[in-house]
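Right, one structure below, let's go through it.
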Amino acid sequence: MTTAQRPVAEGLFTWPPSASEPLRLIGSECTACGLVSFPAASDCVRCASDESRTRLLADSGTLWTYTTQNFRPPSPPYDGPETFEPYSVGYVELPGELLVEARLTEPDPGKLRIGQDMRLTLVPYAVRDDGTEVMTFAFAPVEEFAPDEVSTPVEEFAQADPVEEAS
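In this note's numbering, the protein residues as written are 55 to 221.
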């Protein structure tokens, strides 16, 4: 039996998950000054322009800093499960884009390190009364993925379509 799933919020990440397309966060880029934002913003906080375009962000980055949440946050606004388990939160630097604050899949701070390679993934956030699993994004240490699930920039380049030379 397949459990029904839904995203924690619309417009944060590509949905539904697909084997043919990698999971990506949905951000925006100001067309006036180039500032990249996440979540997507219609107005730029740098130059106040209201001109932006949607931009799919990188699906991997580097752990910039982190902490562990060892106690259940107050409700509201927290609406996660009553049975609380500690989790880690960090800032992941997406190369050439921005820092993203996100939950980390590894709760043990002894297994995390600044500069660690991270990859975007989905994790359950909560299960609703009707059984629907609410999914949110998180970053996982690359070591958690099987070798065939991780591509390097060299592999991505090698798999790219050939570029036609101008005549």
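Heads up, the beta-carbon is just placed ideally off N, CA and C, and yes, glycines get one too.
(1) Contact check, residue 152 vs residue 99 under 8 angstroms by CB: the rounded distance?
(2) On the criterion of 16 or more Cβ atoms from any shown chain inside 10 Å, does residue 192 qualify as buried, or is it exposed?
(3) Return the bridge partner residues of residue 122 from the DSSP annotation.
(4) What residues in its chain sit with their C-beta under 7 angstroms from that of residue 124, if we drop five residues either side in the sequence?
(5) Measuring straight from C-alpha to C-alpha, what distance separates residue 60 and residue 188?
(6) Take residue 72 and list the residues in its own chain whose beta-carbon comes closer than 6 angstroms to its own, dropping the five residues that flank it on each side.
(7) Would you decide whether residue 156 is buried or exposed? Buried here means 16 or more other CB atoms lie within 10 Å of its CB.
(8) Please report the residue range of the beta strand (DSSP E) in which residue 179 lies.
(9) Cβ of residue 112 within 7 angstroms of Cβ of residue 101?
(10) Using a Cβ-Cβ cutoff of less than 6 angstroms, which residues in the same chain neighbour residue 126 once the five nearest sequence positions on both sides are dropped?
(11) According to DSSP, is residue 163 helix, strand or coil?
(12) For residue 62, which of helix, strand or coil comes out of DSSP?
(13) What is the rounded straight-line gap between the Cα of residue 70 and the Cα of residue 79?
(14) Using only CA atoms, which one of 166, 174, 135 lies nearest to residue 110?
This is what the structure holds:
(1) Not really, about 12 angstroms apart at Cβ, beyond 8 angstroms.
(2) With 16 or more other Cβ atoms within 10 Å, it is buried.
(3) 142
(4) 140
(5) 5 angstroms
(6) There are no such residues.
(7) buried
(8) 171 to 181
(9) no
(10) 138
(11) helix
(12) DSSP places residue 62 in coil when its eight states are reduced to three.
(13) 12 angstroms
(14) 174
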